[in-house]
Amino acid sequence: MQYLHSKGILHRDLKSENLLLGEDMSVKVADFGISCLESQCGSAKGFTGTYRWMAPEMIREKHHTKKVDVYSFGIVLWELLTALTPFDNMTPEQAAFAVCQKNARPPLPPTCPVAVSHLIGRCWSSNPGKRPHFDEIVSILESYAESLEQDPEFFSSYNPSSDHTVFQCLPKCFAFHRSAS
1 MQYLHSKGIL HRDLKSENLL LGEDMSVKVA DFGISCLESQ CGSAKGFTGT
51 YRWMAPEMIR EKHHTKKVDV YSFGIVLWEL LTALTPFDNM TPEQAAFAVC
101 QKNARPPLPP TCPVAVSHLI GRCWSSNPGK RPHFDEIVSI LESYAESLEQ
151 DPEFFSSYNP SSDHTVFQCL PKCFAFHRSA S
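Here the sequence shown stands for residues 1 to 181, numbered as in the UniProt record's numbering.
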């Protein structure tokens, strides 16, 4: 996403289903059906994206920027923590209403590492201006990787239940990223 944004491209439908994971733990972004150049797509009328991952400003059909992808990335991070579908107890339309009218977000697990919780909260801020750019997100994630390298217990406060093992691969992803650099 950092690369796409550096080229002025908004994905506008970032979600786990559109992220492909290779055997080498590399992630490829897929499905560019509604992507656009930021200079040409500032607002959208009608359906663009998937409600459960969609930023409030997109749901409201307001002017939007690269920060809509950052919001969606926050939801994807939440999925990694929980191995759940966001707002799975609601219809997509109910989820959209809750996000826009009630500022609802999926609940973070109580054992979520504070650093990760803080990043997710920034990503899905209701104020797009308070969301970080992907350059900053990458820097933060790299610092997490360095912390994990120096202290293998960096994420030890997070204890996923046995059926939520997706997040357990994160240290391996970080380790691979660091060794590939």
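Ideal placement from N, C-alpha and C gives every residue a C-beta, glycine not left out. Computed from a predicted structure; not experimentally measured.
Check for me: the alpha helix (DSSP H) holding residue 67 runs from which residue to which? Your numbering for residue 67 matches position 67 in the sequence shown. Here the alpha helix (DSSP H) through residue 67 covers 67-82.
Taking a contact to mean a Cβ-Cβ separation below 8 Å, would you say residue 68 touches residue 132 in this structure? Translated into positions along the sequence shown, residue 68 becomes position 68. Translated into positions along the sequence shown, residue 132 becomes position 132. No, they are not a contact pair.
Take residue 115 and list the residues in its own chain whose beta-carbon comes closer than 7 Å to its own, dropping the five residues that flank it on each side. For the purposes of this step, residue 115 is taken as residue 115 along the sequence shown, with counting starting at 1. Here residue 115 has 144 as same chain residues with Cβ atoms under 7 Å from its own Cβ, once five neighbours each way along the sequence are excluded.
Whole angstroms are fine: how far does the CA of residue 106 sit from the CA of residue 112? Taking the sequence shown and counting its residues from 1, the one referred to as residue 112 is at position 112. Taking the sequence shown and counting its residues from 1, the one referred to as residue 106 is at position 106. Rounded to the nearest angstrom, the two C-alpha atoms are 13 Å apart.
Can you pull the DSSP bridge partners for residue 28? Here residue 28 is taken as the residue at index 28 of the sequence shown, counted from 1. DSSP lists 20 as the bridge partner or partners of residue 28.
Ordered along the chain, which non-local residues of its own chain (more than five positions away) have a Cβ less than 8 Å from that of residue 101? As a first step, residue 101 is located in the sequence shown; it is residue number 101 there, counting from the start. So no residue of the chain qualifies.
Report the three-state DSSP secondary structure of residue 34 (helix, strand or coil). Here residue 34 corresponds to residue number 34 of the sequence shown, with the count starting at 1. In the structure shown, residue 34 falls within a coil segment according to DSSP collapsed to helix, strand and coil.
Among 135, 55, 87, whose alpha-carbon lies nearest the alpha-carbon of residue 126? Here residue 126 refers to the residue found at position 126 of the sequence shown. Answer by Cα proximity: 55.
Residues in its own chain within less than 8 Å of residue 85 by CB, not counting five upstream and five downstream? Indexing the sequence shown from 1 puts residue 85 at position 85. Answer for residue 85: 52, 79, listed in chain order.
Residue 10 by DSSP, collapsed to three states: which one? Taking the first residue of the sequence shown as position 1, residue 10 is located at position 10. Reduced to three states, the DSSP call for residue 10 is strand.
Would you mind working out which of 128, 123, 59 sits nearest residue 97, comparing C-alpha positions? The count along the sequence shown starts at 1 and reaches residue 97 at position 97. Relative to the Cα of residue 97, the nearest Cα in the group 128, 123, 59 belongs to 59.
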